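Trainee: Would you mind keeping the following structure in view while I ask a few things?
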Amino acid sequence: MTAEILINVSPREVRAALVEEGVLQEIFIERSNRRGLISNIYKGRVSRVLPGMQAAFIDIGLERTAFLHASDIVHPAVGENGQPDEPVEQGATQQIQQLVTEGGEILVQVLKDPLGTKGARLTTFITIPSRYLVYMPKGRGIGISARIEDEAERHRLREAASMFVQDNEAGGYIVRTAAEGASPEALRADMLFLQKLWTVLCEKAAMTRPGNLVHEDLPLAVRVLRDVVSSGVDKVSVDHEDTFQRMREFARTFMPDMTDRIELYDGDRPIFDLYGIEDEIRKSLDRKVPLKSGGYLMFDQTEAMTTIDVNTGAYVGHRTLEETIFRTNLEAAVAIARQLRLRNLGGIIIVDFIDMEEEEHRRQVLQALEKALVGDHAKNHISSVSPLGLVEMTRKRTRESLEHMLCSSCPTCEGRGFVKTTETVCYEIFREILRQSRQFQFQELMVLAHQDVIERLLDEESAALAELEVHTGKPIRLQTEALYQQDQYDVVLM
Numbered sequence: 001m002t003a004e005i006l007i008n009v010s011p012r013e014v015r016a017a018l019v020e021e022g023v024l025q026e027i028f029i030e031r032s033n034r035r036g037l038i039s040n041i042y043k044g045r046v047s048r049v050l051p052g053m054q055a056a057f058i059d060i061g062l063e064r065t066a067f068l069h070a071s072d073i074v075h076p077a078v079g080e081n082g083q084p085d086e087p088v089e090q091g092a093t094q095q096i097q098q099l100v101t102e103g104g105e106i107l108v109q110v111l112k113d114p115l116g117t118k119g120a121r122l123t124t125f126i127t128i129p130s131r132y133l134v135y136m137p138k139g140r141g142i143g144i145s146a147r148i149e150d151e152a153e154r155h156r157l158r159e160a161a162s163m164f165v166q167d168n169e170a171g172g173y174i175v176r177t178a179a180e181g182a183s184p185e186a187l188r189a190d191m192l193f194l195q196k197l198w199t200v201l202c203e204k205a206a207m208t209r210p211g212n213l214v215h216e217d218l219p220l221a222v223r224v225l226r227d228v229v230s231s232g233v234d235k236v237s238v239d240h241e242d243t244f245q246r247m248r249e250f251a252r253t254f255m256p257d258m259t260d261r262i263e264l265y266d267g268d269r270p271i272f273d274l275y276g277i278e279d280e281i282r283k284s285l286d287r288k289v290p291l292k293s294g295g296y297l298m299f300d301q302t303e304a305m306t307t308i309d310v311n312t313g314a315y316v317g318h319r320t321l322e323e324t325i326f327r328t329n330l331e332a333a334v335a336i337a338r339q340l341r342l343r344n345l346g347g348i349i350i351v352d353f354i355d356m357e358e359e360e361h362r363r364q365v366l367q368a369l370e371k372a373l374v375g376d377h378a379k380n381h382i383s384s385v386s387p388l389g390l391v392e393m394t395r396k397r398t399r400e401s402l403e404h405m406l407c408s409s410c411p412t413c414e415g416r417g418f419v420k421t422t423e424t425v426c427y428e429i430f431r432e433i434l435r436q437s438r439q440f441q442f443q444e445l446m447v448l449a450h451q452d453v454i455e456r457l458l459d460e461e462s463a464a465l466a467e468l469e470v471h472t473g474k475p476i477r478l479q480t481e482a483l484y485q486q487d488q489y490d491v492v493l494m
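The sequence shown: position 136 = 136 (the UniProt record's numbering), numbered continuously.
Following this line, the structure appears as structure tokens:
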């Protein structure tokens, strides 16, 4: 299987696309004014302790206080992977008021970004990742990624990592999937780097005031190299010179085998046009997903869960009704797995496959869904078919879904539908200006758009607009169109 990663950098936004066999599988988006917080380390202050919820609210300097549950607080004695050395009897869990006190200072790491009205989820069990390892300063022992299935390789990696860990040494390690085939010297180099980084973090934390950032995770482009790129990725293309140089420098230091696979894209066509990625992103915001056979899926995302309905649509089959339903469900299972990754849907997911009478057909459809989800980077769990014929599953939710990232509730339909945010439209306008400037000759550009979009271009995005004027060497005029909807615009060449 061939895989490629495309990275598009624009003035205020970085996007990375994972493409397998020419098909978009995952999209990652990071905006300069709303960077993800996952893995960031903060020095917080306990603002409120809630014994009834066994949790505390921690002020880490964000708009909303973050949430810390008692189960996410490291106990005095932890073993491998952060689990207690001895099992805790039911009802014997330490109370939250014994672990933290109001007004106290605490070093925490973000587990989940703020989602909707909920604040960030925190933990005191800090983990620091590198290319091959995850360092657990408050853990102990050596853990191996469950994705490494070969027992001989698991044993080799455990032995190699254990060679460099002293019995009295604080902290433990998890060997990541990317370490499969790595040499002992590479693991040792990662260990030394992580230990030095933790020492620096401790020194910085001691001098940091509560409510401030202590350590920020890598930017998206470099983070994709560390977390997503594996030996199966044939090429990484990036369309920005500075980002390209930074990625090459990171690769030379931590993953030299990938250095030659990182390329600077300087083609006239926008990089995301290579595989129709812009169209795929647009389609992933629709409720309805057509299947090649003529059937279709319907996605409905709510705060509590996501529901997916499978329908035969125009597909009438060639044999029996049961065979038609079975074929539609098989195709839907593969499409659902891809859409979950592409839309970054998490939490509780209910799939309503078309009812099948034969038990063997139900088993094969579940098996197809499980197989299609093997490549998913997010942890997922599929339950058996419920008495109502529904497939219940969960997928780990750490960041906002694609829909929540790119869209806001429509004021016209009071939240029953979505339109693109003014921010998203502005970035689309920027990309359209760059596209036009590469293909056509003109004296000046005129942008026609909704009033809210024009106001944002003149206010928050004025600096980026000025950068585009310098880049194109031509003036850009703005004009409000009263009849345009928020996500409508035109870029006119003059």
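Glycine residues also receive a C-beta, built at the ideal position from the N, C-alpha and C atoms. The structure displayed is predicted, hence computed values, not measured ones.
Would you tell me roughly how many angstroms separate the C-alpha atoms of A189 and E241, rounded to the nearest one?
Mentor: Numbered from its first residue, the sequence shown carries residue 189 at position 189. Numbered from its first residue, the sequence shown carries residue 241 at position 241. The straight-line gap from Cα to Cα measures roughly 28 Å.
Trainee: Mind checking whether E403 and F418 have CB atoms under 8 Å apart?
Mentor: For the purposes of this step, residue 403 is identified with residue 403 of the sequence shown, where counting begins at 1. For the purposes of this step, residue 418 is identified with residue 418 of the sequence shown, where counting begins at 1. Yes, Cβ-Cβ distance for E403 and F418 is below 8 Å.
Trainee: Taking the alpha-carbon positions, what's the T259 to I325 distance?
Mentor: Your numbering for residue 259 matches position 259 in the sequence shown. Your numbering for residue 325 matches position 325 in the sequence shown. Those two C-alpha atoms are separated by around 48 Å.
Trainee: The alpha helix (DSSP H) with E432 in it runs from where to where?
Mentor: Position 432 of the sequence shown, counted from the start, is the residue given in the question as residue 432. T422 to Q439 is the span of the alpha helix (DSSP H), which, as asked, contains E432.
Trainee: Give every residue of the same chain whose Cβ lies closer than 7 Å to the Cβ of A56, excluding the five residues on either side of it in the sequence, and list them in chain order.
Mentor: Stepping through the sequence shown from its first residue, residue 56 is reached at position 56. So the list reads V46, R48, V49, L50, L68, I96 and V100, once near-sequence residues are dropped.
Trainee: On the DSSP letters alone, give me the boundaries of the beta strand (DSSP E) that A449 sits inside.
Mentor: The residue labelled residue 449 in the question sits at position 449 within the sequence shown. Residues L445 to A449.
Trainee: If you compare alpha carbons, which of E185, D355 and T422 is closest to E159?
Mentor: In the sequence shown, residue 159 corresponds to position 159, counting from 1. Residue E185 is the option with its Cα nearest to E159.
Trainee: Could you check the C-alpha separation between A206 and G143 for me, to the nearest Å?
Mentor: For the purposes of this step, residue 206 is identified with residue 206 of the sequence shown, where counting begins at 1. For the purposes of this step, residue 143 is identified with residue 143 of the sequence shown, where counting begins at 1. Taking the straight line joining both Cα atoms gives about 29 Å.
Trainee: To the nearest angstrom, how far is it from the Cα of R121 to the Cα of K43?
Mentor: Within the sequence shown, the letter at position 121 stands for residue 121. Within the sequence shown, the letter at position 43 stands for residue 43. So the alpha carbons of these two residues sit roughly 14 Å apart.
Trainee: Please state the DSSP three-state secondary structure of N40.
Mentor: On the sequence shown, residue 40 is found 40 positions in, with the first residue counted as 1. Three-state result, N40: coil.
Trainee: Exposed or buried, which one is P137 when buried takes at least 16 other CB atoms within 10 Å?
Mentor: Locating residue 137 in the sequence shown gives position 137, counting from the first residue. Classification for P137: buried.
Trainee: In terms of alpha-carbon separation, which member of M446, I454, P411 and Y132 lies closest to V492?
Mentor: Locating residue 492 in the sequence shown gives position 492, counting from the first residue. Measuring from the Cα of V492, the nearest candidate turns out to be M446.
Trainee: Using the three-state DSSP reduction, which class does I126 fall into: helix, strand or coil?
Mentor: Along the sequence shown, one-based indexing puts residue 126 at 126. Here I126 sits in coil by DSSP.
Trainee: What's the call for K371, buried or exposed, on a 16-neighbour Cβ count within 10 Å?
Mentor: Locating residue 371 in the sequence shown gives position 371, counting from the first residue. Result: exposed.
Trainee: Output the boundary residues of the alpha helix (DSSP H) element that contains T472.
Mentor: Looking up residue 472 in the sequence shown gives position 472. Residues S462 to T472.
Trainee: So the candidates are V134, G211 and R154; which of them puts its Cα closest to the Cα of Q195?
Mentor: Here the question's residue 195 lines up with position 195 in the sequence shown. Checking every option, the nearest Cα to that of Q195 belongs to V134.
Trainee: Work out the CA separation of K396 and I128 for me, nearest whole Å.
Mentor: Sequence index remark: in the sequence shown, residue 128 carries index 128 (1-based). Sequence index remark: in the sequence shown, residue 396 carries index 396 (1-based). So the alpha carbons of these two residues sit roughly 20 Å apart.
Trainee: Just checking my contact of L187 with Y132 at CB under 8 Å: how many whole Å lie between their CB atoms?
Mentor: Looking up residue 187 in the sequence shown gives position 187. Looking up residue 132 in the sequence shown gives position 132. Indeed they touch by this definition, with Cβ atoms about 6 Å apart.
Trainee: Quick one: is L192 buried, meaning 16 or more other Cβ sit within 10 Å of its Cβ, or exposed?
Mentor: The residue labelled residue 192 in the question sits at position 192 within the sequence shown. So L192 ends up on the exposed side.
Trainee: Just checking: is the beta-carbon of E428 within a distance shorter than 8 Å of some beta-carbon in chain C?
Mentor: The chain labelled as chain C is not found in the depicted structure, where only one protein chain is given.
Trainee: Which residues does DSSP list as the beta-bridge partners of N212?
Mentor: Numbered from 1 along the sequence shown, position 212 holds the residue referred to as residue 212. Looking at the DSSP assignment, N212 forms a beta bridge with K43.
Trainee: Taking C-alpha atoms, which residue in G171, F430, R34 and D452 lies nearest to F125?
Mentor: Along the sequence shown, one-based indexing puts residue 125 at 125. The option with the nearest alpha carbon to F125 is G171.
Trainee: Apart from the five residues just before and just after T123, which ones in its own chain have a Cβ nearer than 6 Å to its Cβ?
Mentor: Residue 123 sits at position 123 when you count from the first residue of the sequence shown. Only D72, Q109 and L111 meet the Cβ criterion.
Trainee: Tell me Y296's beta-bridge partners as DSSP assigns them.
Mentor: Taking the sequence shown and counting its residues from 1, the one referred to as residue 296 is at position 296. Note: Y296 sits in a beta bridge opposite P290 and N311.
Trainee: Give the DSSP bridge partners of Q98, in chain order.
Mentor: By 1-based counting over the sequence shown, the position of residue 98 is 98. DSSP lists no partner for Q98.
Trainee: Do L369 and A333 have their CB atoms nearer than 8 Å?
Mentor: Residue 369 sits at position 369 when you count from the first residue of the sequence shown. Residue 333 sits at position 333 when you count from the first residue of the sequence shown. A contact, by the Cβ cut-off of 8 Å.
Trainee: Hey, out of A70, I58 and N33, whose CA is closest to G52's CA?
Mentor: Within the sequence shown, numbered from 1, the residue matching residue 52 stands at position 52. If we check each option's Cα against that of G52, A70 comes out closest.
Trainee: Roughly how far, in whole angstroms, is the beta-carbon of F244 from the beta-carbon of L225, given that I think they are within contact range, below 8 Å?
Mentor: Counting from one through the sequence shown, the residue named residue 244 turns up at place 244. Counting from one through the sequence shown, the residue named residue 225 turns up at place 225. The pair is not a contact, with the Cβ atoms about 12 Å apart (cut-off 8 Å).
Trainee: Which one or two residues does DSSP pair with T324 in a beta bridge?
Mentor: Here residue 324 corresponds to residue number 324 of the sequence shown, with the count starting at 1. T324 pairs with nothing; no bridge assigned.
Trainee: Comparing C-alpha positions only, which one of P210, G473 and M298 sits nearest to L62?
Mentor: To locate residue 62, count along the sequence shown from 1; it is residue 62. Checked all of P210, G473 and M298; the closest Cα to L62 is P210.
Trainee: Just to confirm my understanding: we take R477, look at its own chain, exclude 5 residues before and 5 after, and list those with CB closer than 6 Å. What are they?
Mentor: The residue labelled residue 477 in the question sits at position 477 within the sequence shown. The answer, listed in chain order, is M446.
Trainee: Using the Cα positions of T312 and T328, report the straight-line distance between them to the nearest angstrom.
Mentor: To locate residue 312, count along the sequence shown from 1; it is residue 312. To locate residue 328, count along the sequence shown from 1; it is residue 328. Between T312 and T328, the C-alpha separation is close to 6 Å.
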